[in-house]
Amino acid sequence: KKDHLIPVATALKFQEIMRGLGNTCEVLLYDGGTHGFFNGNRTGSRSENRVLAEYFFQTLQAAEDFLVKLNLLETSEEVRDYFD
Numbered sequence: 596k597k598d599h600l601i602p603v604a605t606a607l608k609f610q611e612i613m614r615g616l617g618n619t620c621e622v623l624l625y626d627g628g629t630h631g632f633f634n635g636n637r638t639g640s641r642s643e644n645r646v647l648a649e650y651f652f653q654t655l656q657a658a659e660d661f662l663v664k665l666n667l668l669e670t671s672e673e674v675r676d677y678f679d
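Note that this note's numbering has the sequence shown beginning at 596, numbered continuously upward.
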């Protein structure tokens, strides 16, 4: 929610417009997540990096679950299993 490039209000307005046009759109917000947190930049403390790693997995899982919901993938797997 600390994105300095795209304010939360803008993302939520985008979601509203897309849904109004009949599209499926889900905005996910992550406390403390800055713009590009998903890219894996590890610049903070260990505890901050652990939070970002958790957000990384949550984002991948949400993307996979979203594709299953749209019937673009047959089943959803646990994303973490790919990294074991």
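Idealized CB from N, CA, C, for every residue including glycine.
Simplified DSSP state of residue i, which is helix, strand or coil
{"i": "G627", "result": "coil"}
{"i": "A674", "result": "First, the residue type needs correcting, since residue 674 is Val and not Ala in the sequence shown. Three-state DSSP puts V674 in a helix."}
{"i": "I612", "result": "helix"}
{"i": "S642", "result": "helix"}
{"i": "L665", "result": "coil"}
Sequence-distant residues of its chain with Cβ nearer than 6 Å to residue i (five each side left out)
{"i": "Q656", "result": "V674"}
{"i": "L668", "result": "L662"}
{"i": "Q610", "result": "C620, V622"}
Among the options, nearest to residue i - alpha-carbon criterion
{"i": "A648", "options": "D598, G631, K664", "result": "G631"}
Cα-Cα separation, residue i to residue j
{"i": "G628", "j": "K597", "result": "6 Å"}
{"i": "T670", "j": "K664", "result": "9 Å"}
Other residues of its chain near residue i: CB distance less than 7 Å, five sequence neighbours each side excluded
{"i": "M613", "result": "C620"}
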